[in-house]
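Chains as they are written, first to last, in my numbering: chain A, 233 to 344; chain B, 584 to 698.
Note that CB positions come from ideal geometry on N, CA and C, so glycine has one too.
Below is one structure, written out as structure tokens; the observations come after it.
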Amino acid sequence: TQLLEQSPQFLSIQEGENLTVYCNSSSVFSSLQWYRQEPGEGPVLLVTVVTGGEVKKLKRLTFQFGDARKDSSLHITAAQPGDTGLYLCAGRGPSNTGKLIFGQGTTLQVKP
Amino acid sequence: GAVVSQHPSRVICKSGTSVKIECRSLDFQATTMFWYRQFPKKSLMLMATSNEGSKATYEQGVEKDKFLINHASLTLSTLTVTSAHPEDSSFYICSAPGLGTDTQYFGPGTRLTVL
């Protein structure tokens, strides 16, 4: 069974601080996605990483896929209150079912 | 971009009644859709894979007689929570994969409250 361990599960920081969220597995994923979800809404895709070692940037967010495609990280620079939300990593396994395997999620609160 | 809608967005029902939730892909066809359940501040838990024209595939521990799934067309999947009880109260989300991509498009979710 493929599992994704996401950490930390809760994070409360002050505006302007940096943070990193980790997503780790013992399994290889063909791709990994990061989502952000606000209360009462569905998850919104932030990025998809496919190639081992890949780094993608989205404004103040930097996403990295591990060389072995077993882990990923999300780094936010100078966090703002608008970054508050639930961040989810999700991996697509090697089988062709299309299923996504989700990490436990990280609830981020950025205080002004 | 691709859009997935859900209806209703929220529903309150009495214990013992059945509730149907619709998931529609608005501008693309989806032979497969996924249904998730989510508890507050928790991650998404996959319940089942809805397959157009065939039976749904349920994840381990999900009662198929309790959560009926019908994928009647290439743009519509429905989840019916039968004989709902308060413990079925949750946020239910569907998703549909984009054609030929790894991207999944999520619906806005349905908040079910069973009294």
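For residue i, the nearest candidate out of the options (CA to CA)
| i | options | result |
| --- | --- | --- |
| W266(A) | V342(A), D303(A), S244(A), T329(A) | D303(A) |
| S673(B) | Q612(B), W618(B), D610(B) | W618(B) |
| S592(B) | A679(B), M630(B), C606(B) | C606(B) |
| G330(A) | T658(B), Q687(B), C677(B) | Q687(B) |
| S588(B) | T316(A), R268(A), P275(A) | P275(A) |
| T316(A) | V260(A), S239(A), E270(A), V253(A) | E270(A) |
| P240(A) | V282(A), I333(A), L320(A), K343(A) | L320(A) |
| T294(A) | L278(A), T338(A), F334(A) | L278(A) |
| G335(A) | S598(B), T600(B), L627(B) | L627(B) |
| Q246(A) | Q296(A), R301(A), G314(A), S258(A) | G314(A) |
| E273(A) | L318(A), L235(A), L340(A) | L318(A) |
| F261(A) | A322(A), G337(A), T339(A) | A322(A) |
Same chain, Cβ closer than 6 Å to residue i, five either side skipped, listed in chain order
| i | result |
| --- | --- |
| T614(B) | E635 |
| S633(B) | M616, A639, I652, H654, S660 |
| K603(B) | T661, T663 |
| P691(B) | Q589 |
| E237(A) | N256 |
Contacts of residue i in chain A (Cβ-Cβ under 7 Å)
| i | result |
| --- | --- |
| S626(B) | L320, F334, G335, Q336, G337 |
| F689(B) | G274, P275 |
| L629(B) | K331 |
| T615(B) | G330 |
Cβ neighbour criterion (16 or more within 10 Å) applied to residue i
| i | result |
| --- | --- |
| V586(B) | exposed |
| T280(A) | buried |
| F242(A) | exposed |
| D685(B) | buried |
| F689(B) | buried |
| V342(A) | buried |
| Q621(B) | buried |
| L682(B) | exposed |
| T600(B) | exposed |
| L698(B) | exposed |
Delimiting residues of the beta strand (DSSP E) encompassing residue i
| i | result |
| --- | --- |
| A655(B) | 650–656 |
| Q246(A) | 242–246 |
| L662(B) | 659–664 |
| H307(A) | 303–308 |
| Q296(A) | 293–297 |
| E237(A) | 237–239 |
| K343(A) | 338–343 |
Neighbour list for residue i in chain A, Cβ cutoff strictly below 8 Å
| i | result |
| --- | --- |
| P680(B) | G330 |
| D685(B) | S262, S263, Q265, T280, V282, R324 |
| G692(B) | G272, E273, G274 |
Cβ neighbours of residue i in the same chain (closer than 8 Å, five flanking residues each side left out)
| i | result |
| --- | --- |
| T696(B) | R593, V594, I595, C596, S672 |
| R324(A) | F261, S262, S263, L264, Q265, G330, K331, L332, I333 |
Contacts that residue i makes with chain A (C-beta to C-beta distance below 9 Å)
| i | result |
| --- | --- |
| T632(B) | T329, G330, K331 |
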